[in-house]
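Visitor: Here it is, the structure, as structure tokens.
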Ligand code: COA
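Now the structure itself:
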């Protein structure tokens, strides 16, 4: 069967209401606005209340993308929810499916930390390319505020909560919005960034000790993760550009995972992309993990920066370690 393309036809996002500034945080943990701002570019982050569950935020983003694409809920065949902080370890995607009334869609979670949205988008493209599904909602949503140690200043200042979604549909080749992709994992460096099981044990029977479920807060070797990002992201994007015979000068935008402004700047400099063509909103939201890329895309589409036909080089990277790149063309409507 001929393989189809994937058009990006709608987007949406949702954020918690409460914004916590660096100054507010410095009243809680030993840090300063100047330190956070100069090392990361972050000035504030959104933090979800108890009522703003992952399902609530993801459903709001999905419903917005659905409306932007002009679809009915029953048009959707597939919902992929990229998250590392589900409300339920069995998966939160089916609850999103129910919340938006997408009764025909199969819905499941995909976990790849900050690479999750990009990996989910690429995964969805394969179902569409094969002709087995026609329309998908790809959501990136995370609430790492629930999994940081608010007394650990080396991690808690970095993360925020949010959700973004993109509506994609199978299309003929000429309308294709995913022009190429690369994905990588390196589990040998897994310990650099973890949200791992607690070491809690329970003797169950003679000779059998089980482990109790539960997770310890995020642990990170910041310097190693920084070095990983500034080495691997340019390398994978260079491979992607070469594989797609694309010159960096042809790119309208760099749409990178929003972890640290210094990482964004370093990647842009490697490709001589002017900083004004690097999409950035991490000053307001921090690192929202799987949500950063769709959240940023939604903001830039709705405010008119990203226009129909624009070419974007995107990269997600983070825990796993995992990283990937995708060359995208926005094919959907504007605001
Ligand atoms: N406020 C004030 N001081 C802080 C601090 C904070 N929030 N966090 C750490 N420090 C201190 C450290 O204790 C250390 O003090 P010391 O020199 O007295 O020991 C000093 O600042 C330098 O710490 P270091 O970890 O070397 O800082 P850094 O320049 O590497 O910046 C990060 C730290 C986390 C900002 C940086 O490593 C980074 O961005 N890494 C990538 C993280 C990331 O993006 N993770 C997610 C990937 S998806």
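In my numbering, the protein residues as written are 4 to 338. Positions of the beta carbon are idealized from the N, C-alpha and C atoms, including for glycine.
As a quick exercise: from 130, 309, 52, pick the residue whose alpha carbon is nearest that of residue 174.
Guide: As a working mapping, residue 174 is identified with position 171 in the chain shown. When only C-alpha atoms are compared, the closest one is 130.
Visitor: What residue from 172, 258, 55 has the CA that sits closest to residue 72's CA?
Guide: Within the chain shown, the letter at position 69 stands for residue 72. Among 172, 258, 55, the Cα nearest to that of residue 72 is on 172.
Visitor: How is the beta strand (DSSP E) around residue 36 delimited, first residue to last?
Guide: Here the question's residue 36 lines up with position 33 in the chain shown. From DSSP, residue 36 is part of no beta strand (DSSP E) but of the alpha helix (DSSP H) over 36-43.
Visitor: Count Cβ pairs between the region 320-337 and the region 115-122 that sit closer than 8 Å; are there 3 or more?
Guide: yes
Visitor: Just grab the DSSP bridge partners of residue 213 for me.
Guide: Against the chain shown, residue 213 aligns to sequence position 210. Residue 213 pairs with 205.
Visitor: By the 10 Å Cβ neighbour count, where 16 or more other Cβ atoms means buried, how is residue 101 classified, buried or exposed?
Guide: In the chain shown, residue 101 corresponds to position 98, counting from 1. Exposed.
Visitor: Would you call residue 8 buried or exposed, if buried means 16 or more other Cβ atoms sit within 10 Å of its Cβ?
Guide: In the chain shown, the residue the question calls residue 8 occupies position 5. Residue 8 comes out buried.
Visitor: Taking residue 266 as the reference, give the member of 302, 306, 248, 225 with the closest Cα.
Guide: As a working mapping, residue 266 is identified with position 263 in the chain shown. Selected option, being the one with the closest Cα: 225.
Visitor: Does the pairing of the region 11-23 with the region 57-68 give three or more beta-carbon distances under 8 Å?
Guide: yes
Visitor: For residue 5, tell me which candidate among 105, 91, 103, 132 has the shortest Cα-Cα distance.
Guide: Mapped onto the chain shown, residue 5 falls at position 2. Ranking the options by Cα distance to residue 5, first place goes to 132.
Visitor: Around the Cβ of residue 93, are there at least 16 other Cβ atoms within 10 angstroms (buried) or fewer (exposed)?
Guide: Against the chain shown, residue 93 aligns to sequence position 90. So residue 93 counts as exposed.
Visitor: Contact defined as beta carbons within less than 8 Å: I believe residue 163 pairs with residue 63. What is the distance between those atoms, to the nearest angstrom?
Guide: As a position in the chain shown, residue 163 is number 160, starting the count at 1. As a position in the chain shown, residue 63 is number 60, starting the count at 1. Actually they do not touch by this definition, with Cβ atoms about 16 Å apart.
Visitor: Determine whether the beta carbon atoms of residue 85 and residue 52 lie at a separation below 8 Å.
Guide: Residue 85 sits at position 82 when you count from the first residue of the chain shown. Residue 52 sits at position 49 when you count from the first residue of the chain shown. No, the pair does not count as a contact, with Cβ atoms beyond the cut-off.
Visitor: Expressed to the nearest angstrom, what Euclidean distance is found between the alpha-carbon atoms of residue 1 and residue 215?
Guide: The first residue shown for the chain is 4 and the last is 338, placing residue 1 beyond what the model contains.
Visitor: Under 8 Å by Cβ, that's how I've got residue 139 and residue 90 pegged, so tell me the actual separation to the nearest angstrom.
Guide: Numbered from its first residue, the chain shown carries residue 139 at position 136. Numbered from its first residue, the chain shown carries residue 90 at position 87. Wrong, their Cβ atoms sit about 21 Å apart, outside the cutoff.
Visitor: Less than 6 Å between C-beta atoms, sequence neighbours within five positions excluded: which residues of the same chain meet that for residue 146?
Guide: The sequence position of residue 146 within the chain shown is 143, counting from 1. For residue 146, where only same-chain residues beyond five positions count, the Cβ hits under 6 Å are 51, 57, 88, 164.
Visitor: Hey, quick one: how far does the beta strand (DSSP E) through residue 23 stretch, first residue to last?
Guide: As a first step, residue 23 is located in the chain shown; it is residue number 20 there, counting from the start. Unbroken beta strand (DSSP E) run through residue 23: 22-24.
Visitor: If we call anything under 8 Å between Cβ atoms a contact, is residue 316 one with residue 307?
Guide: Within the chain shown, the letter at position 313 stands for residue 316. Within the chain shown, the letter at position 304 stands for residue 307. Not in contact: residue 316 and residue 307 (Cβ atoms no closer than 8 Å).
Visitor: Taking the alpha-carbon of residue 203 as reference, which of 193, 195, 191, 217 has the nearest alpha-carbon?
Guide: Within the chain shown, the letter at position 200 stands for residue 203. Checked all of 193, 195, 191, 217; the closest Cα to residue 203 is 217.
Visitor: On a CA-only basis, which of 96, 103, 234, 122 is nearest residue 110? Give me that one, please.
Guide: Here residue 110 is taken as the residue at index 107 of the chain shown, counted from 1. If we check each option's Cα against that of residue 110, 96 comes out closest.
Visitor: Tell me, to the nearest whole angstrom, how far the beta carbon of residue 300 is from that of residue 258; I am working on the premise that it is less than 8 Å.
Guide: What you label residue 300 is simply residue 297 of the chain shown in a count that begins at 1. What you label residue 258 is simply residue 255 of the chain shown in a count that begins at 1. Right, their Cβ atoms sit about 6 Å apart.
Visitor: Would you tell me roughly how many angstroms separate the C-alpha atoms of residue 231 and residue 247, rounded to the nearest one?
Guide: Against the chain shown, residue 231 aligns to sequence position 228. Against the chain shown, residue 247 aligns to sequence position 244. Going from the Cα of residue 231 to the Cα of residue 247 covers about 24 Å.
Visitor: Taking 7 Å as the cut-off, is the beta-carbon of residue 269 closer than that to any non-hydrogen atom of the ligand COA?
Guide: Translated into positions along the chain shown, residue 269 becomes position 266. No, the beta carbon of residue 269 sits no closer than 7 Å to any heavy atom of the ligand COA.
Visitor: Quick one, which of 135, 32, 27, 305 has its alpha-carbon nearest residue 158's?
Guide: As a working note, residue 158 is residue 155 in the chain shown. Of the residues 135, 32, 27, 305, the one whose Cα lies closest to the Cα of residue 158 is 32.
Visitor: Measure the alpha-carbon distance for residue 144 versus residue 332 and round it to whole angstroms.
Guide: Here residue 144 is taken as the residue at index 141 of the chain shown, counted from 1. Here residue 332 is taken as the residue at index 329 of the chain shown, counted from 1. The straight-line gap from Cα to Cα measures roughly 22 Å.
Visitor: May I ask whether a heavy atom of the ligand COA can be found less than 7 Å away from the beta carbon of residue 193?
Guide: Position 190 of the chain shown, counted from the first residue, corresponds to residue 193. Result no, Cβ not under 7 Å from the ligand COA.
Visitor: DSSP three-state label for residue 5, please.
Guide: Translated into the one-based positions of the chain shown, residue 5 becomes position 2. Looking at residue 5 - three-state DSSP - the assignment turns out to be coil, as it is neither helix nor strand.
Visitor: Can you tell me the Cα-Cα spacing of residue 160 and residue 209, whole angstroms?
Guide: Sequence index remark: in the chain shown, residue 160 carries index 157 (1-based). Sequence index remark: in the chain shown, residue 209 carries index 206 (1-based). Whole-angstrom Cα-Cα distance: 45 Å.
Visitor: When you compare only the Cα positions, how much space is there between residue 310 and residue 338?
Guide: In the chain shown, residue 310 corresponds to position 307, counting from 1. In the chain shown, residue 338 corresponds to position 335, counting from 1. The alpha-carbon atoms of residue 310 and residue 338 are separated by roughly 10 Å.
Visitor: With distances taken Cα to Cα, identify the nearest neighbour of residue 295 among 274, 121, 156.
Guide: Translated into positions along the chain shown, residue 295 becomes position 292. Among 274, 121, 156, the Cα nearest to that of residue 295 belongs to 121.
Visitor: Quick one: is the Cβ of residue 299 within less than 7 Å of any heavy atom of the ligand COA?
Guide: Counting from 1 along the chain shown, the entry for residue 299 is found at position 296. Answer for residue 299: no, Cβ out of range of the ligand COA.
Visitor: Would you call residue 196 buried or exposed, if buried means 16 or more other Cβ atoms sit within 10 Å of its Cβ?
Guide: Here residue 196 is taken as the residue at index 193 of the chain shown, counted from 1. Buried is the call here.
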